[in-house]
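Novice: Residue numbering for the sequence shown follows the working numbering, beginning at 67 and increasing consecutively.
Every residue, glycine too, gets a C-beta built ideally from N, C-alpha and C.
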Amino acid sequence: MKGNTEDDGNSKERRRFNPAVTIASTMQSFKAWAAQDKNGLKDFVLAQLKVTVILVIAHMGNKFEPAYPRNDNHDPTAFWIVNAILAIGTFFTWKWEASKTGRSGGNPRIVCLGREQTEEWKGWMQWAFIFYHYYRVYYVYNEIRVFVSAYVWMTGFGNFLYFDKKADFSIERFISMIIRINYFPLLLSFFLTVPLELYYVVPLHTTGFVVTMITCWIGYKLQNACGMGYWKSRTLAVALSLFAHIIFYETPAVNFLLLFSKEYHFRFQADKYSAWLGMASGLLWGKLGEYMQWAHGFENDQRRHMMSIVQFCGGVGLIAFWYGLFGSIQDKYTYNPVHPYVFIFAVIGWLMIRNCTRYLTECHSTLLEFLGRHTLETYVLQFHLFMTHNVQYIPVVIPGSDADGSAVLKFLNMVLCGSVFLTTAVFARKVTVATQLSVVDLVKNITGTVDSSMTQVLPQQSTERKDSEHEEENTEETIELTKAVDFNSAKV
């Protein structure tokens, strides 16, 4: 009897690891996925056909002639004019939506850096990135570096909030984000035969995402497997992550990046603590939510007005501190080494100003939000459509709009190229998301999971922390945070 039991156990083991059974099961899963009406094989193939068209357009744009060197397009006046136009557009698309009551009822929640405001922030920074490139406005280099770091900060911040709330460390989530960040840039790099380091921010943010996921997983395991409390487990996980950053970036170990390229060696060091600072900010975000409720809530109008003034002045002071001591440094080779340690002052200062009143927390620009949703695609396509020859030249579509042409014709040429560029970017995002959703559904079929959230957060965690607006409710609207601009000293 005992022997039969052992035989049955061995038979189960053989069946479990039978390659033929595994292959057959995978084929069945693939057939089920292929038969889906939505996010199945049909949608996947259609997306690949569409992306092929985009790649052809990008190739034609990158080889476009006539064109003139981008350095001949140095025009600070035009840079500020297009920013003024964006400000006007922001004014006419300003939208207010009253704060909503939380799940537990009571007074409406005051949300700092909600989803719409995050996209808005990305939108105007991306606008500045692109036109900084286009018009060669060298003297705003330090400010642009802060914008780039703000994006990397959001990588750690947004993904920390997601993983900490959802505890979703599934293969589906991992693949979904890897595709969202890398799929289109890798295709462009291969099809246009350009080095991936032209899109250096893609591996930078991919690394930030992976490090954040690992950090949050460690914190989750410390709480669940080791019985540590929420704050102790998360603080220890974030501290261990900081230690790993220091060991790598502050020792000769960082020279490992030279095996890839000098470009990566520079870029990763320029933002070596940006994603970690985002994680640390995410850890404290619940406490900030409590402060916002206290300072800008509905209980005390006198306190609300006073704190708005204090917060605004504090934000201005932090930005002035950054600029006075560091941002005003004209030599970028002097500024770059200190940047990773000081940019956070400007970021915090901006967030304090942008959210210094309840009204401002409830408002956003729909135009900037739209631009923010497409920053990955506008980032990579700017090099080949808005500009050309891997961002080194300005295409001349309208005759007479070359380097020596009239300002009016050059402006119209910019608008025409920009329209094609933005339209293609919007199309590219839809194709990327379609691919992302289709592949994730395939993985779900293979793994047999219906919901990508494979684990749940402990009940006590939800009582210790406030709910965050940065929760990813829809995989289509992933926190991309992967958009920045190439600021190599040889190219800027």
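Would residue 137 be called buried (16 or more neighbouring beta carbons within 10 Å of its own) or exposed?
Specialist: With fewer than 16 Cβ atoms within 10 Å of its Cβ, residue 137 is classed as exposed.
Novice: On a Cα-Cα basis, can you pick out the residue from 501, 442, 456 that is closest to residue 490?
Specialist: Nearest option by C-alpha distance: 442.
Novice: Are the CB atoms of residue 222 and residue 340 nearer to each other than 9 Å?
Specialist: Yes.
Novice: What does DSSP give as the partner residue(s) for residue 460 in the beta ladder?
Specialist: In DSSP, residue 460 forms a bridge with 134.
Novice: What residue range does the alpha helix (DSSP H) around residue 429 cover?
Specialist: Unbroken run through residue 429 is the beta strand (DSSP E), 429-431; no alpha helix (DSSP H).
Novice: Taking DSSP as the reference, what is the three-state secondary structure of residue 406?
Specialist: It is helical.
Novice: Going by alpha carbons, who is nearest to residue 417 out of 118, 177, 115?
Specialist: Comparing Cα-Cα distances from residue 417 to each of 118, 177, 115, the minimum goes to 177.
Novice: List in chain order: all unbroken beta strand (DSSP E) runs of 3+ residues lying wholly within the stretch 291-346.
Specialist: Here no run is fully enclosed.
Novice: Measuring straight from C-alpha to C-alpha, what distance separates residue 288 and residue 351?
Specialist: When rounded, the distance between both Cα atoms is 20 Å.
Novice: Return the residue from the list 211, 488, 234 that minimises the CA-CA distance to residue 198.
Specialist: The shortest Cα separation from residue 198 among 211, 488, 234 belongs to 211.
Novice: Around the C-beta of residue 481, are 16 or more other C-beta atoms found within 10 angstroms, so that it is buried, or is it exposed?
Specialist: Answer is exposed; the Cβ neighbour count stays below 16.
Novice: In terms of residues, what are the limits of the beta strand (DSSP E) holding residue 510?
Specialist: Per DSSP, residue 510 belongs to no beta strand (DSSP E); it is in the alpha helix (DSSP H), 473-513.
Novice: Grab me the residues of residue 105's own chain with a C-beta within less than 6 Å of its C-beta, minus the 5 sequence neighbours each way, in chain order.
Specialist: Cβ within range, chain order: 503, 504, 507.
Novice: Assuming residue 132 and residue 201 are in contact, meaning their beta carbons sit under 8 Å apart, how far apart are those beta carbons, in whole angstroms?
Specialist: That belief does not hold up - the Cβ atoms of residue 132 and residue 201 are roughly 19 Å apart, past 8 Å.
Novice: Let me check understanding here. Comparing Cα to Cα, which of 451, 378, 232 lies closest to residue 419?
Specialist: Minimum Cα distance to residue 419 is reached at 378.
Novice: Three-state secondary structure (DSSP) at residue 259?
Specialist: Residue state, collapsed to three classes: coil.
Novice: Provide the residue span of the beta strand (DSSP E) that contains residue 116, from first to last.
Specialist: It is not in any beta strand (DSSP E) - residue 116 instead sits in the alpha helix (DSSP H) that spans 107-128.
Novice: Buried or exposed for residue 140, please, with buried defined as at least 16 other CB atoms from any protein chain shown within 10 angstroms of its CB.
Specialist: It counts as exposed.
Novice: Within the 9 Å Cβ cut-off, does residue 414 reach chain C?
Specialist: Note that chain C does not occur in the displayed structure, where there is just one protein chain.
Novice: Which residues mark the beginning and the end of the beta strand (DSSP E) in which residue 97 is found?
Specialist: Residue 97 -> not in any beta strand (DSSP E); alpha helix (DSSP H) instead, spanning 85-100.
Novice: According to DSSP, what are the bridge partners of residue 232?
Specialist: Beta-bridge pairing links residue 232 to no other residue.
Novice: Per DSSP, which one or two residues make a beta bridge with residue 160?
Specialist: Answer by DSSP bridge pairing, in chain order: 431.
Novice: Which residue wins for smallest C-alpha separation from residue 433, given the options 326, 309, 192?
Specialist: For residue 433, the nearest C-alpha among the options comes from 192.
Novice: Determine the extent of the alpha helix (DSSP H) in which residue 442 is found, giving its start and end residues.
Specialist: Looking at the DSSP string, the run of the alpha helix (DSSP H) that includes residue 442 is 441-447.
Novice: Is it right to say residue 501 is buried, meaning 16 or more other beta carbons lie within 10 angstroms of its own, or is it exposed?
Specialist: So residue 501 ends up on the buried side.
Novice: Under DSSP, the alpha helix (DSSP H) around residue 386 begins and ends at which residues?
Specialist: Its alpha helix (DSSP H) spans residues 367-388.
Novice: Quick one: Cα of residue 220 to Cα of residue 262, how far?
Specialist: Distance between the alpha carbons of residue 220 and residue 262: 22 Å.
Novice: Closest to residue 309 by C-alpha separation, out of 281, 110, 332, would be which residue?
Specialist: Of 281, 110, 332, the residue nearest in Cα terms is 281.
Novice: Go ahead and pull the three-state DSSP assignment for residue 174.
Specialist: Correct three-state label for residue 174: strand.
Novice: Take residue 188 and list the residues in its own chain whose beta-carbon comes closer than 6 Å to its own, dropping the five residues that flank it on each side.
Specialist: Cβ neighbours of residue 188 beyond the five flanking positions: 438, 441.
Novice: With C-beta atoms as the reference, is residue 267 less than 9 Å away from residue 369?
Specialist: Going by C-beta atoms, residue 267 is not nearer than 9 Å to residue 369.
Novice: With DSSP as the reference, label residue 278 as helix, strand or coil.
Specialist: Reduced to three states, the DSSP call for residue 278 is helix.
Novice: Assuming residue 27 is part of the alpha helix (DSSP H), what are its boundary residues?
Specialist: The chain is shown from 67 up to 558; residue 27 falls before or after that span and cannot be answered.
Novice: Distance, Cα to Cα, residue 454 vs residue 167?
Specialist: Residue 454 and residue 167: Cα-Cα distance of roughly 49 Å.
Novice: Pick helix, strand or coil for residue 167, following the three-state DSSP scheme.
Specialist: Here residue 167 sits in strand by DSSP.
Novice: How big is the Cα-Cα spacing for residue 512 and residue 275?
Specialist: Roughly 24 Å between the two C-alpha positions.
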